[in-house]
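Engineer: Sharing a structure with you now.
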Amino acid sequence: MRVMAIVVRIIRQFFRDKRTLALMIVAPMFILLLMDLVFNGEQYKPAIAVSEHVPDMVVDKLKEAGAKVKELSEQQAREQLDDQDIDAWLEMNGSAPHVTLEGSDPTANQAVMAAVQQAFQSMAPKPPFQLKTTYWHGSSDMASFDYFGPVLIGFFVFFFVFLIAGVSFLRERTNGTLERLMATPLRRWEMVAGYMIGFGLFTTIQASLISWFAIDGLDMMMEGSFGYVLLITFLLAMTALALGMLLSAFANNELQMMQFIPLVVVPQVFFSGLFNLDTMEEWLRSLSVIMPLTYGADALRDIMVRGKGFSAIAVDVYVLLGFTLLFMVLNVVALKKYRKL
Amino acid sequence: MSVHPPIQVERVSKRFGKKVVIDDVSLDVRAGEIFGLLGPSGAGKTTLVRMIAGIDQASEGTIRVLGANMPNLGAMKRIGFMAQSDALYGELTALENMQFFASIYGLRGKKQKERIDDMLALVNLTDDRKKPVHQYSGGMKRRLSLAIALLHEPDVLILDEPTVGIDPVLRQSIWAELERIRQRGTTIVVTTHVMDEAEKCGRLGMIREGRLIAVGRPDELKQKAGAETIEQAFLTFGGARR
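Top line first, the protein sequences correspond to chains D and H. Position 90 of the first sequence, counted from 1, bears residue number 90 in UniProt numbering, the numbering being contiguous throughout. Position 140 of the second sequence, counted from 1, bears residue number 140 in UniProt numbering, the numbering being contiguous throughout.
Right, here's the structure in full:
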């Protein structure tokens with residue numbers, strides 16, 4: 001079968017091009033690892049200077065709350081704030097505490113405020129009741145990486161497949177082999193199908209390895225079934241594959257293919273749930289409807305964070321399938337540029 | 001073989017937007033001949049052979065190849081095409097390139113192996129068959145492209161500038177090869193802008209600015225134009241002299 005001829009050829013080419021093969025698999029893992037290191041790092045320890053009037057008890061409590069504390073005169077404190085050696089300066093005017101923040105780093109600000117508040121709160125009389133918290137999903141030791149993670153897995157699979165599929169198909173256009181193939185009885189749909197299957201085999205391996213690395217290697221939160229994660233990453237990869245092929249029709253060289261990244265890939269990151277969109281204008285938010293990554297990220301989060309089953313991700317699965325089919329059909333149409341038949 | 005000529009071009013025009021690239025061209029190519037399309041680059045030779053090969057569609061007029069109106073996938077199975085640029089997969093070996101195109105044409109198993117071995121021997125690449133194509137010289141790539149175009153034993157072979165950028169010795173051997181293929185009954189259409197190559201064709205069509213300005217045997221054309229060489233004949237028909 002002619003489709004199989006293309007599949008075999010793509011596989012052979014892949015094994016010749018070890019670097020691309022590595023890029024598809026190792027690069028996403030490497031970036032996930034970096035993300036993990038950045039987001040899962042130790043909590044920030046604020047450096048707080050105190051004036052001599054601050055009671056020892058407060059200093060002890062601040063230390064308990066994780067702050068690095070030292071005693072400084074007002075003059076020294078001002079200088080060190082200026083040099084960013086300390087994050088805050090705490091003084092007591094009578095019984096009222098006063099904090100001066102260095103102020104340029106929100107993370108440091110928050111850490112100082114949390115420590116100070118915790119220190120003074122623990123000295124106040126205990127409230128008559130304590131709030132009990134139950135997690136419907138997630139847990140108290142869930143890191144922000146656990147929340148970003150599913151989106152990131154989806155994104156990296158999408159991004160690398162999009163890029164490599166786009167460039168491969170573009171190369172087929174620019175080095176004349178596509179045109180040459182159009183002089184054979186190969187049908188346009190057979191061309192598209194061959195590419196989808198050939199690349200599909202690789203993206204399956206790629207998606208599995210990335211998911212496995214994130215979940216087992218980086219110990220990302222995983223409540224649901226690994227099979228569903230594979231299903232979604234596979235569908236995302238197929239969508240990216242078909243979209244990359246399609247857009248390569250509108251690029252004349254590799255550089256122009258890269259130009260699609262800020263246009264097509266980056267906006268999806270913003271809209272796919274990595275950032276909370278609730279504060280955005282309604283009409284702008286509705287843009288996410290046309291972005292494949294929205295559905296992939298949503299489904300992955302449902303599976304990995306909320307541990308849901310197929311009924312929760314069914315819509316996402318169908319939409320991703322729909323995107324893939326749509327892009328495949330458009331590809332078959334776009335090949336008319338090379339041969340009318 | 002049918003009584004009709006294997007290639008019939010009738011009043012064919014091709015426009016890209018407003019630009020007329022082929023203007024009302026009619027010609028027949030007879031069975032078992034080498035038909036040369038001669039003209040400067042930009043004359044429309046490539047566009048014409050692409051339409052004959054079924055890759056492009058005529059804006060007006062009809063093209064019949066082996067009895068079928070082009071473009072037609074059935075007829076394309078019986079056409080061999082060699083493009084101007086070598087359309088090969090550089091990271092694959094010559095053998096793998098041939099296996100790929102052979103399967104596209106539906107050749108498989110023992111038959112495929114036989115054809116590949118024969119064609120590799122024909123273009124003298126048997127010893128280099130396991131080298132990746134990006135290590136090939138320009139001439140080797142051209143020969144491999146020719147071998148690929150011949151894999152499925154086409155009845156009609158279309159070659160777009162097969163000898164461009166090839167050294168004279170190799171050019172000689174390619175033409176000798178074409179002559180052998182012709183003798184086995186294959187109809188060959190070849191484009192060229194090299195005047196002395198045109199002498200080797202059975203018949204010639206001279207193309208200038210999308211128009212067919214003359215058709216005939218090389219000696220016929222020279223006689224008709226009262227010219228010593230094909231180049232002079234081309235100038236005469238093109239209206240540069242007289």
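Note that beta-carbon positions come from the ideal geometry of N, C-alpha and C, so glycine has one too. Please read all numbers here as calculations on a predicted model, not as lab measurements.
1) Report back the beta-carbon spacing between H/Leu37 and H/Ile207 to the nearest angstrom; my notes put them in contact at under 8 Å.
2) What separation, rounded to the nearest whole angstrom, lies between the Cα atoms of H/Met1 and H/Gly67?
3) Considering only C-alpha positions, which residue in the set H/Thr62, H/Ala198, H/Val189 and H/Ala121 is nearest to H/Gln172?
4) From which residue to which residue does the alpha helix (DSSP H) around D/Ala193 run?
5) Cα separation between H/Ala227 and H/Val156?
6) For D/Thr100, list the residues DSSP reports as bridge partners.
7) Enumerated in chain order, which unbroken segments of the beta strand (DSSP E) with a length of 3 residues or greater are wholly contained in the region 41 to 123 of chain H?
8) Check H/Thr236 in the structure and name its three-state DSSP category.
9) Just to check my reading of the structure: H/Ile52 and H/Gly202 have Cβ atoms closer than 8 Å, yes? What is that Cβ distance to the nearest angstrom?
10) State yes or no: is the C-beta of D/Ala237 within less than 8 Å of the C-beta of D/Val161?
11) Whole angstroms are fine: how far does the CA of D/Glu64 sit from the CA of D/Asp56?
12) Less than 8 Å between the C-beta atoms of H/Leu88 and H/Lys141, yes or no?
13) Use the C-beta contact count for H/Gln183: other C-beta atoms within 10 angstroms, 16 or more gives buried, fewer gives exposed.
14) Measure how close the beta-carbons of D/Lys340 and H/Gln57 come, nearest whole angstrom, since I'm counting them as under 8 Å.
15) Any beta carbon of chain H sitting closer than 8 Å to that of D/Gly149?
16) Distance check for D/Glu179 and D/Val332, CA to CA, integer angstroms please.
17) Check whether the region 178 to 196 of chain D touches the region 103 to 121 of chain H, taking contact to mean three or more Cβ pairs, one atom from each stretch, closer than 8 Å.
18) Start and end of the beta strand (DSSP E) containing H/Gly205?
19) Does the beta-carbon of D/Asn276 have 16 or more other beta-carbons within 10 angstroms, so that it is buried, or is it exposed?
20) Suppose the cutoff is 6 Å on Cβ atoms and the five residues either side in sequence are ignored; what does the same chain contact list for residue 244 of chain H look like?
21) Taking the C-alpha atoms as reference points, what is the distance between residue 262 of chain H and H/Lys14?
22) Exposed or buried, H/Thr62, counting other C-beta atoms within 10 Å across all chains shown (16 or more means buried)?
23) So, with DSSP's three-state summary, where would you put D/Ile153?
24) Over what stretch of residues does the beta strand (DSSP E) that includes H/Ala214 continue unbroken?
25) Could you spell out where the alpha helix (DSSP H) holding D/Val3 opens and where it closes?
26) Buried or exposed: D/Thr239, going by 16 or more other Cβ atoms within 10 Å of its Cβ?
27) Would you mind sorting H/Arg242 into buried or exposed? The rule is 16 or more other CB atoms within 10 Å of its CB.
28) Looking at H/Ile158 and H/Val49, is the spacing between their C-beta atoms short of 8 Å?
29) Taking beta-carbon pairs under 9 Å, can you tell me which members of the region 29 to 61 of chain H lie near chain D?
30) Using only the alpha-carbon positions, how far apart do H/Ala225 and H/Phe237 sit?
31) Would you call the region 307 to 319 of chain D in contact with the region 147 to 165 of chain D, where contact means no fewer than 3 C-beta pairs closer than 8 Å?
32) Is D/Ala5 close to chain H, meaning its C-beta is less than 8 Å from at least one C-beta of that chain?
33) For the region 248 to 278 of chain D, which segments carrying the alpha helix (DSSP H) assignment without a break, of at least 4 residues, lie completely within its bounds, in sequence order?
34) Identify, in the order they occur along the chain, each residue of the same chain with its Cβ nearer than 7 Å to the Cβ of D/Thr107, setting aside the five sequence neighbours on each side.
35) At a CB distance below 8 Å, what residues from the region 5 to 22 of chain H approach chain D? Give them in sequence order.
Structural biologist: For this structure:
1) For the purposes of this step, residue 37 of chain H is taken as residue 37 along the second sequence, with counting starting at 1. For the purposes of this step, residue 207 of chain H is taken as residue 207 along the second sequence, with counting starting at 1. Contact between H/Leu37 and H/Ile207 holds, since their C-beta atoms are separated by about 6 Å, short of 8 Å.
2) Taking the second sequence and counting its residues from 1, one reaches residue 1 of chain H at position 1. Taking the second sequence and counting its residues from 1, one reaches residue 67 of chain H at position 67. With a pLDDT of 46 at H/Met1, under the threshold of 50, the modelled position of this residue cannot be trusted, and the question is left open.
3) Position 172 of the second sequence, counting from 1, holds the residue named residue 172 of chain H. Closest option to H/Gln172, judged by alpha-carbon separation, among H/Thr62, H/Ala198, H/Val189 and H/Ala121: H/Ala198.
4) Residue mapping note: residue 193 of chain D aligns to position 193 of the first sequence, counting from 1. Here the alpha helix (DSSP H) through D/Ala193 covers Arg188 to Trp212.
5) Within the second sequence, numbered from 1, the residue matching residue 227 of chain H stands at position 227. Within the second sequence, numbered from 1, the residue matching residue 156 of chain H stands at position 156. One C-alpha to the other measures close to 32 Å.
6) Taking the first residue of the first sequence as position 1, residue 100 of chain D is located at position 100. D/Trp89.
7) Within the region 41 to 123 of chain H, the complete beta strand (DSSP E) runs of at least 3 residues are 60 to 65 and 79 to 82.
8) As a position in the second sequence, residue 236 of chain H is number 236, starting the count at 1. Helix.
9) For the purposes of this step, residue 52 of chain H is taken as the residue at position 52 of the second sequence. For the purposes of this step, residue 202 of chain H is taken as the residue at position 202 of the second sequence. The beta-carbon distance between H/Ile52 and H/Gly202, rounded to whole angstroms, is 17 Å. This is too long to meet the 8 Å contact definition.
10) Here residue 237 of chain D corresponds to residue number 237 of the first sequence, with the count starting at 1. Here residue 161 of chain D corresponds to residue number 161 of the first sequence, with the count starting at 1. Yes, the Cβ-Cβ distance between D/Ala237 and D/Val161 is below 8 Å.
11) In the first sequence, counting from the first residue as 1, residue 56 of chain D sits at position 56. In the first sequence, counting from the first residue as 1, residue 64 of chain D sits at position 64. Those two C-alpha atoms are separated by around 12 Å.
12) If you number the second sequence from 1, residue 88 of chain H lands on position 88. If you number the second sequence from 1, residue 141 of chain H lands on position 141. Cβ distance < 8 Å, so H/Leu88 and H/Lys141 count as in contact.
13) Against the second sequence, residue 183 of chain H aligns to sequence position 183. Exposed, because fewer than 16 other Cβ atoms sit within 10 Å of the Cβ of H/Gln183.
14) For the purposes of this step, residue 340 of chain D is taken as residue 340 along the first sequence, with counting starting at 1. For the purposes of this step, residue 57 of chain H is taken as residue 57 along the second sequence, with counting starting at 1. That pair is a contact at about 5 Å.
15) Position 149 of the first sequence, counting from 1, holds the residue named residue 149 of chain D. No - not a single Cβ of chain H is within 8 Å of the one on D/Gly149.
16) Along the first sequence, one-based indexing puts residue 332 of chain D at 332. Along the first sequence, one-based indexing puts residue 179 of chain D at 179. Their Cα atoms are separated by approximately 14 Å.
17) Touching, yes, given that three or more Cβ pairs across the two stretches are closer than 8 Å.
18) For the purposes of this step, residue 205 of chain H is taken as the residue at position 205 of the second sequence. Run containing H/Gly205: Arg203 to Arg208, per the beta strand (DSSP E) assignment.
19) The residue labelled residue 276 of chain D in the question sits at position 276 within the first sequence. That one is exposed.
20) Residue 244 of chain H lies beyond the stretch modelled for chain H, which goes from 1 to 242, so this question has no answer here.
21) With chain H running from 1 to 242 in the structure shown, residue 262 of chain H is simply not present.
22) Locating residue 62 of chain H in the second sequence gives position 62, where the first residue counts as 1. It is exposed - the Cβ of H/Thr62 has fewer than 16 other Cβ atoms within 10 Å.
23) If you number the first sequence from 1, residue 153 of chain D lands on position 153. Helix at D/Ile153.
24) Translated into the one-based positions of the second sequence, residue 214 of chain H becomes position 214. That run of the beta strand (DSSP E) goes Arg211 to Gly216.
25) If you number the first sequence from 1, residue 3 of chain D lands on position 3. Run containing D/Val3: Arg2 to Arg16, per the alpha helix (DSSP H) assignment.
26) Numbered from its first residue, the first sequence carries residue 239 of chain D at position 239. Taking a 10 Å sphere around the C-beta of D/Thr239, we find 16 or more other C-beta atoms and assign the residue as buried.
27) Numbered from 1 along the second sequence, position 242 holds the residue referred to as residue 242 of chain H. Below a pLDDT of 50, predicted positions are generally treated as unreliable, and H/Arg242, at 47, falls in that range; no measurement from the model is reported.
28) Counting from one through the second sequence, the residue named residue 49 of chain H turns up at place 49. Counting from one through the second sequence, the residue named residue 158 of chain H turns up at place 158. In this structure, H/Ile158 lies closer than 8 Å to H/Val49 by Cβ.
29) Answer set for the region 29 to 61 of chain H: Arg50, Ala53, Gly54, Ile55, Asp56 and Gln57.
30) Indexing the second sequence from 1 puts residue 225 of chain H at position 225. Indexing the second sequence from 1 puts residue 237 of chain H at position 237. Our two residues, H/Ala225 and H/Phe237, have alpha carbons roughly 7 Å apart in a direct line.
31) Put simply, the region 307 to 319 of chain D does not touch the region 147 to 165 of chain D. Fewer than three CB pairs are less than 8 Å apart.
32) For the purposes of this step, residue 5 of chain D is identified with residue 5 of the first sequence, where counting begins at 1. D/Ala5 has a beta carbon lying within less than 8 Å of a beta carbon in chain H.
33) If you keep only unbroken alpha helix (DSSP H) runs of at least 4 residues inside the region 248 to 278 of chain D, you get 254 to 258 and 266 to 271.
34) Position 107 of the first sequence, counted from the first residue, corresponds to residue 107 of chain D. Result list for D/Thr107: Tyr44, in chain order.
35) Contact annotation: in the region 5 to 22 of chain H, no residue has its CB less than 8 Å from a CB in chain D.
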